[in-house]
């Protein structure tokens, strides 16, 4: 049987149907792609939100331990103490000196500081007993233990650490010397099972004073 040739009008209609089918398929594919992109973006948003929550929780769990920094005033008569982590808020402190000084711990509330007057006389008297110089050529160190009550993320916490107070003895024209405070440096955290504070401070001070005597 011979095929009946298409008329021009039939051929035009067939091509028109093919074009419409192709356009419909393209619209369907575009809709699928757009829907997939929307789902992927929603998934990414949820994943990012979960990652942010995990990071925030981890940050709270792995926060740095509490440490202090200090700044001396112009005359060297006082050190202003502040947390290394600016988000922590000091509520009160207790500063313990070497037992040979014969001093009771000094306590402060909110106004975190160390004044030279608290221990200057005891320091100079102890140095004299140990036959140490009345003046220092550079900076010397005296160990202390500082126990701090502070707020962190709305919770009350406590930290106990040993620090060295940097100081110098400056002589006067008419005799005597003044204690000038220089700064504060961390020795180490006082562990729960650590040596008793007085014993540890006595050992640290004897070590520092011994080194001073060697320089003499």
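In my numbering, the protein residues as written are 1259 to 1474. Yeah, the Cβ is synthetic: ideal placement off N, Cα and C, and Gly gets one too.
Taking 8 Å as the upper bound for CB-CB distance, residue 1392 and residue 1427 are in contact here, some 7 Å apart. Here the alpha carbon of residue 1423 sits roughly 21 Å from the alpha carbon of residue 1452. Excluding sequence positions up to five before and after residue 1338, its CB lies within less than 6 Å of the CB of 1329, 1371, all in the same chain and listed in chain order. For the pair of segments examined, the stretch 1284–1299 was found not to touch the stretch 1401–1416: the number of CB pairs separated by less than 8 Å stays below three. Taking 4 residues as the shortest admissible run, the stretch 1362–1442 contains the following complete alpha helix (DSSP H) segments, listed from N- to C-terminal end: 1378–1387.
Residue nearest to residue 1367 within the set 1377, 1332, 1353 is 1353 (criterion: CA-CA distance). The continuous stretches of beta strand (DSSP E) do not include residue 1333, and DSSP gives it neither H nor E. For residue 1411 and residue 1325, the gap between their C-alpha atoms comes out near 16 Å. Its chain contains 1428 as the residues whose beta carbon lies nearer than 6 Å to that of residue 1436, once the 5 sequence neighbours on both sides are disregarded; these appear in chain order.
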